[in-house]
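Enquirer: Numbering (this note's numbering), first residue to last: 409 to 726.
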């Protein structure tokens, strides 16, 4: 790249151990296992059947993340999202069983703090002087090769959007209790995604936090910057209210609005988008996360893959 650093993406694959065996069994039998058969006087019989349940891909990814990266004595940044919830629950189980000890969690949102408290993970709230050993978080998408992550996209349900507003309030706005700050402070970070969320030429939205007093001028500048490639909508607090956000746009506790920059064509470089947004007056933050020492855990249907970004600077101890 232009900085002169050489990048190397390392890909490893961990096959789901029982997959091949279970495929052979499935080919020779039905999906159901007959656990008992009781004959009656009419020579009929009753069958109680049980359906074997496979762990979900995200559950396997969450367990892999905790087992592979969390060690005793660590300070761990606790992310938000479906996979992060599962990882927090599993971390609590590992602490209770004694598999790991003296782990302290630093929550990135109200949601992760609640999950940690529920499952017995000790907590400390983030301060600028914290040394964080490791952090994990869900990503909405990850760019193949660069591992630049997208977080904070709008959800389709009111419940998810409520969670997202918490994430935006605590993750894109404040210097403390923030996902961005915790991930940047961590020695190493993992983003967990499904298979289809890891690819090059990403499309879709990138959330941008902007000053509300001049949000329209900022939106017009962003629109001019990506003319023909993206649309800019102000996010509404309820439902879809059109490009202007309707009568009730989301307003954070510090008085900021959220713009969704919705790319309708493949994005050549998320890093270039991040740089362009950073140079616009009135942009407070955005949902693009660039982390040098970063690993992506990819939840496939039959395997968990890990992709690690390494640079010459990291190898030299930076």
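Each residue gets a CB set at the ideal place from its N, CA and C atoms; glycine is no exception. Keep in mind the model is a prediction, meaning the values are calculated, not measured.
For residue 596, which residues of its own chain have a beta-carbon under 6 Å away from its beta-carbon, when the five flanking residues on both sides are left out?
Expert: 542 and 701
Enquirer: For residue 672, is the classification buried or exposed, using 16 other Cβ atoms within 10 angstroms of its Cβ as the cut-off for buried?
Expert: exposed
Enquirer: In the structure shown, what three-state DSSP assignment does residue 675 receive?
Expert: coil
Enquirer: Less than 8 Å separating the beta-carbons of residue 555 and residue 646?
Expert: no
Enquirer: Between 655, 619, 624 and 547, which lies nearest to residue 605 when the distance is taken from Cα to Cα?
Expert: Of 655, 619, 624 and 547, the residue nearest in Cα terms is 547.
Enquirer: Tell me, which residues are paired with residue 545 by DSSP?
Expert: 599
Enquirer: Please state whether DSSP places residue 505 in a helix, a strand or coil.
Expert: Of the three classes helix, strand and coil, the one that applies to residue 505 here is helix, per DSSP.
Enquirer: Quick check on the DSSP output: what are the complete beta strand (DSSP E) runs of length 3 or more inside the region 627-672, in order along the chain?
Expert: With a minimum length of 3 residues, the unbroken runs of beta strand (DSSP E) contained wholly in the region 627-672 fall at 638-642 and 664-671.
Enquirer: So is residue 551 buried or exposed if we call it buried at 16+ other beta carbons inside 10 Å?
Expert: buried
Enquirer: According to DSSP, is residue 559 helix, strand or coil?
Expert: coil
Enquirer: Taking C-alpha atoms, which residue in 656, 462, 537 and 670 lies nearest to residue 631?
Expert: 670
Enquirer: For residue 520 and residue 697, which I take to be in contact (beta-carbon distance under 8 Å), what is that distance rounded to the nearest angstrom?
Expert: In fact, because the Cβ distance is near 16 Å, the residues do not count as touching under 8 Å.
Enquirer: Cα separation between residue 493 and residue 528?
Expert: Computed Cα separation, rounded: 13 Å.
Enquirer: Note down the Cα distance separating residue 532 from residue 635, rounded to an integer number of angstroms.
Expert: 44 Å
Enquirer: To the nearest angstrom, how far is the alpha carbon of residue 709 from that of residue 663?
Expert: 42 Å
Enquirer: Could you check if residue 523 is buried or exposed, using at least 16 other CB atoms within 10 Å of its CB as the buried criterion?
Expert: Under this definition residue 523 is a buried residue.
Enquirer: Go ahead and label residue 497 buried or exposed: buried means 16 or more other beta carbons lie within 10 angstroms of its beta carbon, across all protein chains shown.
Expert: buried
Enquirer: Are three or more beta carbon pairs between the region 610-619 and the region 471-489 nearer than 8 Å?
Expert: By the criterion of at least three beta-carbon pairs nearer than 8 Å, the region 610-619 is not in contact with the region 471-489.
Enquirer: In this structure, how does DSSP classify residue 463 when only helix, strand and coil are distinguished?
Expert: Looking at residue 463 - three-state DSSP - the assignment turns out to be coil, as it is neither helix nor strand.
Enquirer: DSSP on residue 685, reduced to helix/strand/coil?
Expert: helix
Enquirer: Within its chain, find whatever has a CB closer than 8 Å to the CB of residue 592; leave out the 5 residues flanking it on each side and keep chain order.
Expert: 699
Enquirer: For residue 588, does the three-state DSSP call read helix, strand or coil?
Expert: helix
Enquirer: Where does residue 487 land, buried or exposed, given buried means 16+ other C-beta within 10 angstroms?
Expert: buried
Enquirer: Are the CB atoms of residue 491 and residue 469 nearer to each other than 8 Å?
Expert: yes
Enquirer: Would residue 600 pass as a contact of residue 707 if the rule is Cβ separation under 8 Å?
Expert: yes
Enquirer: Tell me the rounded alpha-carbon separation between residue 584 and residue 514.
Expert: Low confidence applies to residue 584: its pLDDT is 32, below 50, so where it sits in the model is not reliable enough to give any reading.
Enquirer: Thinking C-alpha only, which one of 717, 667, 690 and 474 is nearest residue 545?
Expert: 474
Enquirer: Sort 594, 711 and 687 by Cα distance to residue 537 and report the nearest one.
Expert: Nearest C-alpha to residue 537: 594.
Enquirer: Quick one: what does DSSP say residue 441 is sitting in, helix, strand or coil?
Expert: Residue placement at residue 441 cannot be trusted, given a pLDDT of 36 that sits under 50; what the coordinates show is reported in the next sentence. Residue 441 falls in the strand class under three-state DSSP.
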